[in-house]
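Residue numbers (our numbering): 25 to 277.
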């Protein structure tokens, strides 16, 4: 499928600008900078939309982070102010309390704790400066649940949630970001495996299936479908009891 990266990039920039005009005319965009392509591209989009002085980067390593220099370099490249919060103390404190009350700390809880702590930090920083938190997830990761509910899946506005990995990379190139950021192999930061190793298929295969409905390997197709079904709850609003037949949407409208 044809994808006009320059046009979509310009459309996203205009959308960000319009959103802030209505939801925070004087507010900065607050972005957690991980050193990965998604947060880097969201930051660059916000700089183009709002100006570097209204984009604030927050680096949040959990102890030692081997690629933290990439995030520092990105902030310098964009000319945006940034701060660095190490979440190791908070992480260790929660883990200690968990182990005091329970006899184990599950792998899933261990994986999801750092992103949730980071989102807590982002909202604390954002509220302190009347900012708006950027969600940096993309459609491909969301499609198969490769995100953390109330962690990196949270935010006030989301520029990339309807764009696949291949499309996001194309926008990164249109923004003129360094190739080492745009084409950086995504990893979860917890182990040596890449995202694609953990998923069991490549983002290129996933993106084609999302956009064209084509996946030539039957086992891969089944794996993608299973992950998508299992994680749909992350993409839907929280279920609300419809008191007297009314939902929140009815009251707001």
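Every residue, glycine too, gets a C-beta built ideally from N, C-alpha and C. Nothing here was measured: the structure is a model prediction, and the numbers come from that model.
- Residue 231 has its alpha-carbon roughly 23 Å from the corresponding atom of residue 175.
- Collapsing the DSSP output to three states places residue 178 in coil.
- Around the Cβ of residue 263, a 10 Å sphere holds fewer than 16 other Cβ atoms; the residue is exposed.
- The three-state reading of DSSP puts residue 223 in helix, counting H, G and I together.
- Secondary structure at residue 106: strand, using DSSP grouped into helix, strand and coil.
- As a beta-bridge residue in DSSP terms, residue 83 pairs with 108.
- Excluding the 5 residues flanking it on each side, residue 74 has same chain C-beta neighbours closer than 8 Å at 40, 41, 44, 52 and 53, in chain order.
- Relative to the Cα of residue 97, the nearest Cα in the group 139, 276, 233 and 68 belongs to 68.
- Beta-bridge analysis with DSSP links residue 156 to 53.
- Separation of residue 111 and residue 88 (C-alpha to C-alpha, rounded to the nearest whole angstrom) is 10 Å.
- Taking C-beta atoms as the reference points, residue 198 and residue 181 fail to come closer than 8 Å.
- With 16 or more other Cβ atoms from the protein chains shown falling within 10 Å of its own Cβ, residue 195 counts as buried.
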